[in-house]
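Asks:
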Amino acid sequence: MTLYFEENGPKNSETLIFLHGGGAGAWMWRKPVQLLADFHCLVPDLPEHDHSATIKPFTMNAAALAVADLIRQHAHGGKAHLVGLSLGAQVGVEILKTAPEVLKSAFLSSPMMKPLPGASLGLYSEGVMRWSHRLFMKPFTNWDWWMRINMKYAAGIPAEYYPEFKRIFQTMSEDAWTHITMGGMTFRMPTGLDKVKTRVLTAAGKSEYGAMRDSVKMLAHTLPDAQAYLINIPGHSGLAESHNWALSAPELFAASVRAWVTGKPQPSELEKLE
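So the sequence shown is residues 436 to 709, counted in my numbering.
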């Protein structure tokens with residue numbers, strides 16, 4: 436089945452394809468897409484997310500194949516600049532492995548490829564993920580205050596996106612939650628990336644886990660044509676806001692994407708990592 440996607444922008448411009456984070460959807464790119472309206476933008480929902488919820492189960496490989504097919508069919512010239520955040524960035528890495536020919540470049544924000552703290556204790560096992568849905572999501576699908584607390588403090592998402600966040604919170608099944616979280620938590624560096632010639636920018640927030648910053652540096656050192664950056668967002672020092680900067684700082688995010696696609700220097704808030 437074909438992924439749900441939104442399409443915006445002129446028909447004669449270069450294509451950007453935006454891949455959202457886990458548990459989100461195309462809606463999270465609303466402001467960056469508006470700020471990049473002079474580009475042709477493709478904005479899909481990944482498998483088992485929002486309007487693509489019936490395309491299941493989510494796996495990194497299946498998501499990468501579906502996105503690559505979307506690019507071939509709808510991107511101008513069958514190629515796109517990929518913009519991915521978190522889970523979407525991991526899918527981008529998988530596309531670099533499986534279908535690099537569809538990418539003009541990749542802008543990958545926080546593609547985690549190392550275990551987070553607590554992974555060795557089994558805190559991110561399938562059983563724990565299923566229980567987390569049963570204990571912290573399913574009983575609270577009609578509790579607005581609980582959903583708003585999760586949106587703000589766990590995800591760093593601005594209040595204006597509450598209708599979309601609430602819809603996801605209320606409709607995501609236990610299976611979908613488990614497939615998506617386990618897909619992201621268990622993703623590791625694919626083999627063969629040292630032979631991929633695609634131009635890549637990879638970045639992580641200054642306030643994110645060390646494992647995320649290490650993943651970014653590891654990816655940049657593996658890919659032949661890659662750059663790594665540390666993001667310092669003024670006024671947004673929390674982990675969740677730093678991670679979800681496409682939502683908490685959309686102007687900076689869009690400016691960084693534009694600079695990358697057009698070959699200009701990155702904004703001063705992005706510090707190059709060696």
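Note that CB positions come from ideal geometry on N, CA and C, so glycine has one too.
I need the straight-line Cα distance from residue 714 to residue 526, nearest angstrom please.
Replies: The requested residue 714 is not part of the displayed model; the chain covers only 436 to 709.
Asks: Suppose the cutoff is 6 Å on Cβ atoms and the five residues either side in sequence are ignored; what does the same chain contact list for residue 559 look like?
Replies: Mapped onto the sequence shown, residue 559 falls at position 124. Hits under 6 Å: 620.
Asks: Are the region 584-599 and the region 530-549 in contact at 8 Å, needing three or more beta carbon pairs?
Replies: No: fewer than three Cβ pairs fall under 8 Å.
Asks: Going by beta carbon distance, what residues of the same chain come within less than 6 Å of residue 534, once the five residues before and after it are set aside?
Replies: If you number the sequence shown from 1, residue 534 lands on position 99. Closer than 6 Å at the Cβ level, and outside the excluded window around residue 534, lie 503.
Asks: Quick one: using the 10 Å Cβ neighbour count with 16 as the cut-off for buried, is residue 650 buried or exposed?
Replies: In the sequence shown, the residue the question calls residue 650 occupies position 215. So residue 650 ends up on the buried side.
Asks: My assumption, with CB atoms under 8 Å, is that residue 458 sits in contact with residue 615. Please give the rounded CB distance.
Replies: Indexing the sequence shown from 1 puts residue 458 at position 23. Indexing the sequence shown from 1 puts residue 615 at position 180. At roughly 6 Å, the Cβ-Cβ gap stays under 8 Å, so residue 458 and residue 615 are in contact.
Asks: With distance defined between alpha-carbon atoms, name the residue in 700, 707, 703, 690 nearest to residue 473.
Replies: As a first step, residue 473 is located in the sequence shown; it is residue number 38 there, counting from the start. Closest option to residue 473, Cα to Cα, is 690.
Asks: Looking only at C-alpha atoms, which of 463, 456, 471 sits nearest to residue 696?
Replies: Locating residue 696 in the sequence shown gives position 261, where the first residue counts as 1. The residue with the shortest Cα to Cα distance from residue 696 is 471.
Asks: Going by DSSP in three states, residue 593 sits in which element: helix, strand or coil?
Replies: Walking along the sequence shown from the start, residue 593 turns up at place 158. Residue 593 falls in the coil class under three-state DSSP.
Asks: Are there 16 or more other CB atoms within 10 angstroms of the CB of residue 455, so buried, or fewer, so exposed?
Replies: Numbered from 1 along the sequence shown, position 20 holds the residue referred to as residue 455. Looking at its Cβ environment, which holds 16 or more other Cβ atoms inside 10 Å, residue 455 is buried.
Asks: Between the region 665-678 and the region 626-645, do three or more beta carbon pairs fall short of 8 Å?
Replies: Contact holds: three or more Cβ-Cβ distances are below 8 Å.
Asks: Taking DSSP as the reference, what is the three-state secondary structure of residue 517?
Replies: Stepping through the sequence shown from its first residue, residue 517 is reached at position 82. Strand.
Asks: Verify the CB distance criterion: does residue 578 have a CB-CB separation below 9 Å to chain C?
Replies: In the structure shown, chain C cannot be found, because there is only a single protein chain.
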